Amino acid sequence: MLDDFRIEWICRRTCQMLNVDRSIFVDMLERNNGFNEDLIDKFLNMNTALHERSYALLFHREDSTRKVWQMIDSIDEEEDFDEFDNDDDDENDQQFILTINEPIDAETEYPIDYVFNNARLSTGDIIDSMYENVRNIQRLLVINQYDNKHYYFQLKSFHEASLYCEYQHYHNLTKKIFIYFIRTDINPYLVQSSTYDEMNLLMNENLIYGIIPEEQPLESLSEILSLIYKNLLPPINDPSLKLSSSIVEETSERDQLRLSLNRFHLQIQSTLRQMQGEFHLMISNKNLFINGEETEEEYIENLEYLVYDWEAILHEEMNNELNKRILNTNPLDELEFWHERSIRITSILEQMKKDDIMRIIHILTDLDSPSIVGFNNIKLQLQNYLLEATDNYKFLSTIERHLKTLQMAKSFQVVSNMLPNLMQGLKIIWLVK
1 MLDDFRIEWI CRRTCQMLNV DRSIFVDMLE RNNGFNEDLI DKFLNMNTAL
51 HERSYALLFH REDSTRKVWQ MIDSIDEEED FDEFDNDDDD ENDQQFILTI
101 NEPIDAETEY PIDYVFNNAR LSTGDIIDSM YENVRNIQRL LVINQYDNKH
151 YYFQLKSFHE ASLYCEYQHY HNLTKKIFIY FIRTDINPYL VQSSTYDEMN
201 LLMNENLIYG IIPEEQPLES LSEILSLIYK NLLPPINDPS LKLSSSIVEE
251 TSERDQLRLS LNRFHLQIQS TLRQMQGEFH LMISNKNLFI NGEETEEEYI
301 ENLEYLVYDW EAILHEEMNN ELNKRILNTN PLDELEFWHE RSIRITSILE
351 QMKKDDIMRI IHILTDLDSP SIVGFNNIKL QLQNYLLEAT DNYKFLSTIE
401 RHLKTLQMAK SFQVVSNMLP NLMQGLKIIW LVK
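Residue 419 in UniProt numbering is what sits at position 419 of the sequence shown, and the numbering runs on without skipping anything.
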């Protein structure tokens, strides 16, 4: 058990969630002159009351394969060596030969790159590590001038896992499974207990932790927002709440938080759609290059059919977007509707700008092919719809604070005082548009 029960607690949770042996965690603590242990210590001893935000302590694992040459047998008799040396008459059954002058024992290992750089082929050829057949050679004969003996070595692979720790400064973790620890206390530091059982209770009271699946951190965040936090707050202007003058201000702040939470959730969902892509314009490899079985005319014809397919897909996507309607009737939903539309149309236009797609369009443009007319028309229409959505969102954003007051205000007096400013803002939008 580690001397610091706090780190021991983190060690057990990390090893369990990431499915690694505790020796790997200990190795992480000792790596880089204890740098990772210093990060954990900083996390445990930071005065959370003096900071506006709580930084998460993150752990993630990286898996790798280590290939080394290991000794499997020694050759004492000359005839045994001759028999081994003649086994590679078949060019597909070659071996490496490495000459050394140093002691060898059962624990001796040679890295794969060392053998490539210092050995030779049994055929006498120079090793070129770029050749796949050389990479596949599994036999190594070591000629040791130190004891005048010969040794068999075999290429073996070992799976290895490493742990990495990050705190305050985070690198790209979107393609890794990682776990997090977040302090929820407001103490100068987490006190070390005299026993592990006491420490276990204290850590569970003052920390939250969990695991984020590989390549899905935003999906996990979206689920947490929709399934947990949104249910903790009552709906905006909940009629079941009995308000008094003493709690009007508190209710207003709560409604503001609920509104901000809803908008943040929508932005997360929009980001997910952009990252994953709501649709894709597919291109097969055969469409990019002329193969030996088709003429140039057939190649161009295939490209034209491909563009016609894109046109149909884009036309369907555009119609689907234009047919979408606002689900609710309040002004803030109108604002979010135009914001969402601008994001979705931008995503479609980005699909049309892919390098391979633009390469095909340029080829057909140079040939004055009529197949690109529909593609370009849809692109122009989408750009116009994007401009409309962006302008609407920009103009409505200028009166957003008045719309919030209109939706969340608890008294008639507040609404009546806001209305002149709202009408003035609407008048300006009307004149500019």
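From the three backbone atoms N, C-alpha and C, an ideal C-beta is built for every residue, glycine too.
Model, not experiment: these values are computed from the prediction.
Item, Value
"Classification of Ala-119 by the beta-carbon crowding that lies within 10 angstroms, buried from 16 upward", "buried"
"Residue burial classification, Val-432 (beta-carbon count within 10 angstroms, cutoff 16)", "exposed"
"Supposed contact pair Leu-18 and Phe-181 - C-beta distance, whole angstroms, cut 8 angstroms", "The pair is not a contact, with the Cβ atoms about 13 angstroms apart (cut-off 8 angstroms)."
"Cross-strand partners of Tyr-299 (DSSP beta bridge)", "DSSP output for Tyr-299 lists no bridge partner at all."
"Beta carbon of Met-28 nearer than 8 angstroms to that of Leu-141", "no"
"The alpha helix (DSSP H) enclosing Asp-197, as first and last residue numbers", "196 to 206"
"Assigned exposure category for His-402 - 16 Cβ within 10 Å defines buried", "buried"
"Which residues DSSP lists as bridging Tyr-110, in chain order", "Trp-69"
"Burial state of Trp-430 (16 or more Cβ within 10 Å)", "exposed"
"Distance between Tyr-167 and Leu-386 (C-alpha atoms, nearest Å)", "40 angstroms"
"Coil, strand or helix - Arg-183 by DSSP", "strand"
"Assigned exposure category for Thr-365 - 16 Cβ within 10 Å defines buried", "exposed"
"Same chain only: Cβ atoms within 8 angstroms of Phe-25, ignoring 5 sequence neighbours per side", "Cys-11, Thr-14, Cys-15, Leu-163"
"Extent of the continuous alpha helix (DSSP H) run through Lys-404", "400 to 408"
"Enclosing beta strand (DSSP E) for Val-191 [first to last residue]", "Val-191 -> no beta strand (DSSP E), and no H or E assigned at all."
"Three-pair Cβ contact test at 8 angstroms for the stretch 401 to 417 versus the stretch 362 to 380", "no"
"Backbone CA spacing between Gln-192 and Ser-23 [nearest angstrom]", "23 angstroms"
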